[in-house]
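**Q** Residue numbers (this note's numbering): 853 to 976. Even for Gly, the Cβ is constructed at its ideal location relative to N, Cα and C.
#1: In its own chain, which residues sit with a C-beta less than 6 Å from the C-beta of residue 857, not counting the 5 before and 5 after it?
#2: DSSP state of residue 880, grouped into three classes?
#3: Can you give me the start and stop residues for the alpha helix (DSSP H) that residue 917 sits inside?
#4: Based on DSSP bridge pairs, tell me the residues matched to residue 948.
#5: With a threshold of 7 Å on Cβ separation, who are the neighbours of residue 973 within its own chain once the five nearest residues in sequence on each side are excluded?
#6: What do you get for residue 907, buried or exposed, if any count of 16 or more other CB atoms within 10 angstroms of its CB means buried?
#7: My output table needs one value for residue 959: the three-state DSSP class, helix, strand or coil.
#8: Put residue 873 into one of helix, strand or coil per three-state DSSP.
#9: By the three-class DSSP mapping on this structure, what secondary structure does residue 855 have?
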């Protein structure tokens with residue numbers, strides 16, 4: 853079975869590294885690119901054509917909600933999981949409006965995040 857291909861977008865490099873490690877250990881996911889802001893995320897998606905994007909909300913240059921909106925305009929069928937430390941209802945609502953397919957809090961175990969990414973990839 854081919855691994856599902858993922859682009860990670862988060863300004864916290866250490867967290868990106870942990871997520872990438874968890875995904876690699878999981879075995880069902882391959883991280884194609886790991887970048888630190890929304891604009892780099894869009895560029896990485898254009899370059900790599902992933903199956904799923906895992907996106908933070910609060911980032912420099914371009915935030916995750918703006919990047920999600922732009923990606924959905926260009927790639928309407930691309931599943932995007934918003935993974936954020938801001939787990940409040942308002943942010944969740946904004947993420948849904950931006951076109952995010954799923955919204956998860958960063959306090960979730962990375963195994964649960966991996967399961968969610970696989971589910972999104974297989975639904976697409």
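**A** Quick look at the numbers:
#1: 882, 884, 902, 903
#2: coil
#3: 916-926
#4: According to DSSP, which records beta bridges pairwise, residue 948 is partnered with nothing at all.
#5: 856, 903, 904, 931
#6: buried
#7: coil
#8: helix
#9: coil
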